[in-house]
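First the structure, in the form of structure tokens, and then the observations on it.
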Amino acid sequence: MLAGRLHVRNRRFALETVPVPAPGRRQVRIKVAAAGVCLSDVHLIDGTLTPRLLPGDVVTLGHEIAGTIDALGEDVDDWKPGQRVLLQAGERDRRGTVYTRGVDYDGGWAEYALASEQTLVAIPDDLPFEQACIIPDAVSTPWAAVTATARTAPGEAVGVWGVGGLGAHAVQLLRLVGAAPVIAVDPLPAARQRALTLGADAALDPGDPGFRDALLGLTGGGLEVAFDFAGVPAVRDQALTLLARKGRLVLAGIANRPVTIGSDAPFNYLQQSVLGHYGSDPEHVEQLVALARQRRLDLAPSISGVLPLAEAEQAVRRLQTKQGDPIRLILRP
1 MLAGRLHVRN RRFALETVPV PAPGRRQVRI KVAAAGVCLS DVHLIDGTLT
51 PRLLPGDVVT LGHEIAGTID ALGEDVDDWK PGQRVLLQAG ERDRRGTVYT
101 RGVDYDGGWA EYALASEQTL VAIPDDLPFE QACIIPDAVS TPWAAVTATA
151 RTAPGEAVGV WGVGGLGAHA VQLLRLVGAA PVIAVDPLPA ARQRALTLGA
201 DAALDPGDPG FRDALLGLTG GGLEVAFDFA GVPAVRDQAL TLLARKGRLV
251 LAGIANRPVT IGSDAPFNYL QQSVLGHYGS DPEHVEQLVA LARQRRLDLA
301 PSISGVLPLA EAEQAVRRLQ TKQGDPIRLI LRP
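In the UniProt record's numbering, the protein residues as written are 1 to 333.
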């Protein structure tokens, strides 16, 4: 079968022919129908990210996957061939260590992928594979940030810095939980327009001289929650100055840089906080599938393009260069 393989030592990515994998005990083999291309895939290729738990030095990329069950391993009783499923982006071992699919073990940029049975989530027949595959990570990461880490309450004023693959979904999800106003912050005009289309109450340019006054005017004095989905130090510096009393800054983007609080006196007096966020838990994916099933969540606008698996390198370049300002590009084997 064809697979998109990363050779970690020299960061060489290539489409290669590899054997079709056989499912082991309590595993299933998935015929991949759609696989998302995430910025973390780009960072694995360019060397910004490195697998920590990969046993070898070659891995099939792709952690956003949907398809149909093709074959069952031994002792799999609750699933049947032909069922439509998406795969959780990773799994925990008995010690609680998280292994990420497409990073620490082979992922879904391939014609077939293996998955432990506990990482399968059934999807409804009317949810397209292209939309289902991005729920783990692209949608579940901001959903967990909004609901679990920030514990965003209805009526809270929120700011979303970075309206890309994660932030665009955060805008939709914040509106879904009743946050108000939802203010998108992005230097790119196309991203700000996209945020308004997705339901933001306002979209501001962080470099505009009137930015601070505009945001404070919209919120009546500051943000209850600020989300950094950009992973940029300047975003944290700016957001921290715009928090209201008991305001929370949630770091969902990764900058690999120190987080600096200008002065502890106002930070302490106003009882503000900085919260780290990473990924999501299985229940967040299940919640989002339920929301999609009930048509509370429309992910069609998130699909910026569908390319054949053989053009994975082109998809990576498009995302890396932001060609067409994509939310998510999808590979189809």
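Backbone N, C-alpha and C define an ideal beta-carbon position, used for all residues, glycine too.
Distance check for residue j and residue i, CA to CA, integer angstroms please.
i	j	result
Gly107	Val158	34 Å
Ala180	Glu283	25 Å
Asn268	Leu216	20 Å
Ile65	Arg175	26 Å
Val18	Val59	12 Å
Val20	Ala3	10 Å
Thr141	Asp75	31 Å
Pro233	Asn256	9 Å
Pro23	Thr50	27 Å
Gln320	Ile45	10 Å
Leu251	Gln83	37 Å
Leu53	Ala170	29 Å
Pro326	Ala35	15 Å
Val259	Ile134	29 Å
Ser304	Ala230	19 Å
Val177	Asp41	30 Å
Could you pull the start and end residues of the alpha helix (DSSP H) that residue i belongs to?
i	result
Ser40	Leu39 to Asp46
Thr141	Ser140 to Ala144
Gly167	Gly167 to Val177
Spell out the partners DSSP gives residue i in its beta bridges.
i	result
residue 375	Since the first and last residues shown for the chain are 1 and 333, residue 375 lies out of range.
Gln27	Ser116
Arg101	Tyr105
Which residue marks the beginning of the beta strand (DSSP E) containing residue i, and which one marks its end?
i	result
Ser280	Premise fails: Ser280 is in no beta strand (DSSP E) and is neither H nor E.
Glu91	Gly90 to Arg92
Thr68	Ile65 to Leu72
Arg295	First-last for Arg295: undefined, no H or E at that position.
Leu87	Arg84 to Leu87
Quick check on residue i: buried or exposed, where buried means 16 or more other Cβ atoms within 10 Å of its Cβ?
i	result
Asp298	exposed
Tyr112	buried
Asp237	exposed
Ser116	buried
Can a CB atom of chain B be found closer than 8 Å to the CB of residue i?
i	result
Leu240	Checking the listed chains, one finds no chain B in this structure; it contains a single protein chain.
What is the C-beta distance between residue i and residue j, in whole angstroms, given that I count them as a contact (C-beta under 8 Å)?
i	j	result
Val121	Gln88	7 Å
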